[in-house]
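Asks:
Next up, the structure:
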């Protein structure tokens, strides 16, 4: 129970309504969504910098905010470290002064010892007496994280902390953050609108849309089994097909998509024949085969022709049109298999989709889909 | 030029009034401008209007209200005089209060601009680590420091030339409450143009000195902003 964060809050901002309810624990929980979806406002509310109209925020058994009993701890009493996108180091203090800013109540010796320990952890020894403006962007953000941790916060709130950095640096900072999460066992909320970053960092991911959390779950769950069509769209699923359930058996469900019959693994939620659904397939889960056998195996095999392709450097995105009936299929394959399959000259392939990779969501999309933890 | 005619006490009194008025501006104006830059728009708008009011009133009107407030006519004035034994009407301290009220809008405008220059994100993050008082003293003040100095200089300049409000509150008693502007007024009224001329010229010299100091401070403020 020690590091559980439970957030329930409502806030009306003009026409925008923030209505959030989630619970998470140690590790990195990514708050993912487009800008304006309410992620940053949620983070600010947890930090105590924005005041919800109603709700309750509890961390580690300590009530940070409770509208019903008028509890609203001041930001500096919430023991939460905050790091944002911009440079928020105090320009008139040196690195050490910045790290010690939040722990001035400790004896001087202890303060210095903790600053040294943290600066060591971030490879910043020797920079103690440098002013922030003489540091690089990456060093500045490292100092900012060290400063947030100096108060021995068990809760770290990161609002797009690496967005202002260049690509290479951003990657190394992300790796550093992963190392930190393993070493310190913190509860970390990480706000981002970058899907790749979300996937890279998340132990768990909360998908924000229009002021609500559509789904919160383990990373692979959310990416492979989105709760709704909207979550599938937001998490970058390329293939979202409308279909109708034709047959339900214990080992598989058959779905008719534009005339093609696809087998899907039985979903957690029960569907009935005749029900309208969306079949959701991630582009990188689709396989291309050179042998053109008919579909006798339990797998879905669809002969199709490459009609469009896009090169992203490390991977290629192909669009294939089935020879017979069926939906257009988007496939993402890595650069090397792309060459091995000789796609530049050959265009006809057997598209293979494992039934386990066809995920079904209800056809009537309720935007406020149930939140699965 | 007839420096021998100049009653130098008027300069001393003007300086005393301006220094005390500036201190009062700093005391009242600093928290006020901080509040205006950090509170909700509705509250900030109200505080801002109150702080700016003296700017749009004739100084004589401001002086009249202060005279009324500090004198026996008002309950507050009677409390000051009878219970605390503080007589401010017809004193240079009273004049300083009048000058401070007149200078406050300029002080608040300048200081507020300094506070609003601070990145709100930086203040937010600081607030997660320290209470309001420490954020104010150890973040806002150091970061807005050049603006605070500029605001003080502007307030000083405005107070040292103040005439309308001060003369109503403190009158024009030579050696006690007579300021340089009041002395110029007297000299002109008495037809002593050479004295008026000398005094006016001295105020020009003083004005140039103040403007030079202000320019230096504002340049420092600009470079401090660039460095950030």
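Chains as they are written, first to last, in my numbering: chain A, 1 to 373; chain B, 1001 to 1228.
Glycine included, each C-beta is placed from N, C-alpha and C at the ideal position.
Using the Cβ count rule (16 or more neighbours within 10 Å means buried), how would you classify residue 1 (chain A)?
Replies: Since pLDDT at residue 1 (chain A) reaches only 48, below the 50 mark, its modelled position is unreliable, and the value read off the structure follows with that caveat. Exposed, since its Cβ has fewer than 16 Cβ neighbours within 10 Å.
Asks: Per DSSP, what kind of secondary structure is residue 396 (chain A) in: helix, strand or coil?
Replies: Residue 396 (chain A) lies beyond the residue range present for chain A, which begins at 1 and ends at 373; the question has no answer from this structure.
Asks: For residue 363 (chain A) versus residue 269 (chain A), is the C-beta distance shorter than 8 Å?
Replies: Cβ distance not < 8 Å, so residue 363 (chain A) and residue 269 (chain A) don't count as in contact.
Asks: Whole angstroms is fine: what's the gap from residue 143 (chain A)'s alpha carbon to residue 1095 (chain B)'s?
Replies: Residue 143 (chain A) and residue 1095 (chain B): Cα-Cα distance of roughly 51 Å.
Asks: Kindly indicate which three-state DSSP category residue 1128 (chain B) falls into: helix, strand or coil?
Replies: Looking at residue 1128 (chain B) - three-state DSSP - the assignment turns out to be coil, as it is neither helix nor strand.
Asks: Excluding five sequence neighbours on each side, which residues of the same chain lie with their C-beta closer than 8 Å to the C-beta of residue 129 (chain A)?
Replies: Excluding positions up to five away in sequence, the list reads 94, 95, 96.
Asks: By DSSP, does residue 1086 (chain B) sit in helix, in strand, or in coil?
Replies: Here residue 1086 (chain B) sits in coil by DSSP.
Asks: Quick one: which chain B residues come within Cβ less than 9 Å of residue 217 (chain A)?
Replies: The premise fails here: residue 217 (chain A) is roughly 28 Å from chain B at the closest Cβ pair, so nothing lies under 9 Å.
Asks: For residue 179 (chain A) versus residue 200 (chain A), is the C-beta distance shorter than 8 Å?
Replies: No.
Asks: Pick out whichever of A:253, A:304, A:4 has its Cα sitting closest to the Cα of residue 272 (chain A).
Replies: Ranking the options by Cα distance to residue 272 (chain A), first place goes to A:253.
Asks: Comparing C-alpha positions only, which one of A:327, A:236, A:243, A:156 sits nearest to residue 255 (chain A)?
Replies: For residue 255 (chain A), the nearest C-alpha among the options comes from A:243.
Asks: Per DSSP, residue 1064 (chain B) forms a beta bridge with which residues?
Replies: DSSP, once it has assigned bridges, lists no residue as partnering residue 1064 (chain B).
Asks: Taking DSSP's pairing of strands, which residues face residue 21 (chain A) in a bridge?
Replies: BP columns for residue 21 (chain A) point to A:8.
Asks: If you draw a straight line from the alpha carbon of residue 147 (chain A) to that of residue 1118 (chain B), how long is it in whole angstroms?
Replies: Each residue's Cα considered, the two are about 20 Å apart.
Asks: Using only alpha-carbon positions, find the residue among A:246, A:245, A:227 that is nearest to residue 237 (chain A).
Replies: For the residues A:246, A:245, A:227, the minimum Cα distance to residue 237 (chain A) belongs to A:227.
Asks: Is residue 1177 (chain B) buried or exposed, if buried means 16 or more other CB atoms sit within 10 Å of its CB?
Replies: Burial call: buried.
Asks: What would DSSP say about residue 1134 (chain B), mapped onto helix, strand or coil?
Replies: Residue 1134 (chain B): helix per DSSP, three-state reduction.
Asks: In the structure shown, what three-state DSSP assignment does residue 61 (chain A) receive?
Replies: Reduced to three states, the DSSP call for residue 61 (chain A) is coil.
Asks: Check the Cβ-Cβ distances between residue 154 (chain A) and every residue of chain B, and say whether any is below 8 Å.
Replies: For residue 154 (chain A), the answer is no, since every Cβ of chain B falls outside 8 Å of its Cβ.
Asks: So the alpha helix (DSSP H) residue 196 (chain A) belongs to, where does it begin and stop?
Replies: 195–201 is the extent of the alpha helix (DSSP H) around residue 196 (chain A).
Asks: Within 10 Å of its beta-carbon, does residue 1036 (chain B) have 16 or more other beta-carbons around it, so buried, or fewer, so exposed?
Replies: That one is buried.
Asks: From the DSSP output, which residues share a beta bridge with residue 321 (chain A)?
Replies: DSSP output for residue 321 (chain A) lists A:305 as bridge partner(s).
Asks: Quick check on residue 41 (chain A): buried or exposed, where buried means 16 or more other Cβ atoms within 10 Å of its Cβ?
Replies: Flag for residue 41 (chain A) reads buried.
Asks: Counting only C-beta atoms, is residue 84 (chain A) closer than 8 Å to chain E at any point?
Replies: The structure shown contains no chain E; its protein chains are A and B.
Asks: Where residue 132 (chain A) and residue 190 (chain A) are concerned, what is the direct C-alpha to C-alpha distance, given to the nearest angstrom?
Replies: Roughly 24 Å separates the two Cα atoms.
Asks: Listed in chain order, which residues of the stretch 113–127 of chain A have Cβ atoms closer than 8 Å to some Cβ of chain B?
Replies: Answer in chain order: no residues at all.
Asks: Using a Cβ-Cβ cut-off of less than 8 Å, give me the residues of the stretch 1116–1129 of chain B that come near chain A, in sequence order.
Replies: So the list reads 1119, 1121, 1122, 1124, 1125, 1126, 1127, 1128, 1129, given in the order they occur along the chain.
Asks: With DSSP as the reference, please indicate the residues paired to residue 192 (chain A) in a beta bridge.
Replies: Bridge partners of residue 192 (chain A): A:32.
Asks: Round the Cβ separation of residue 185 (chain A) and residue 151 (chain A) to the nearest angstrom and send it over; I've been treating them as touching at under 8 Å.
Replies: The Cβ separation is near 16 Å, so there is no contact.
Asks: Please report the straight-line C-alpha distance between residue 325 (chain A) and residue 230 (chain A), rounded to a whole angstrom.
Replies: Between residue 325 (chain A) and residue 230 (chain A), the C-alpha separation is close to 26 Å.
Asks: With 16 as the cutoff for other CB atoms within 10 Å, does residue 1128 (chain B) come out buried or exposed?
Replies: So residue 1128 (chain B) counts as buried.
Asks: Cβ of residue 146 (chain A) less than 8 Å from any chain B Cβ?
Replies: So no, residue 146 (chain A) is outside the interface.
Asks: May I have the straight-line CA-CA distance separating residue 1062 (chain B) from residue 1165 (chain B), to the nearest angstrom?
Replies: Using only the alpha carbons, I get a separation of about 6 Å.
Asks: Looking at the unbroken alpha helix (DSSP H) that takes in residue 1054 (chain B), where does it start and where does it end?
Replies: Start and end: 1041–1056.
Asks: Checking contacts by CB at 8 Å: is residue 1180 (chain B) closer than that to chain A?
Replies: No, residue 1180 (chain B) does not count as interfacial toward chain A.
Asks: Does the beta carbon of residue 1041 (chain B) sit closer than 8 Å to a beta carbon anywhere in chain A?
Replies: No, residue 1041 (chain B) does not count as interfacial toward chain A.
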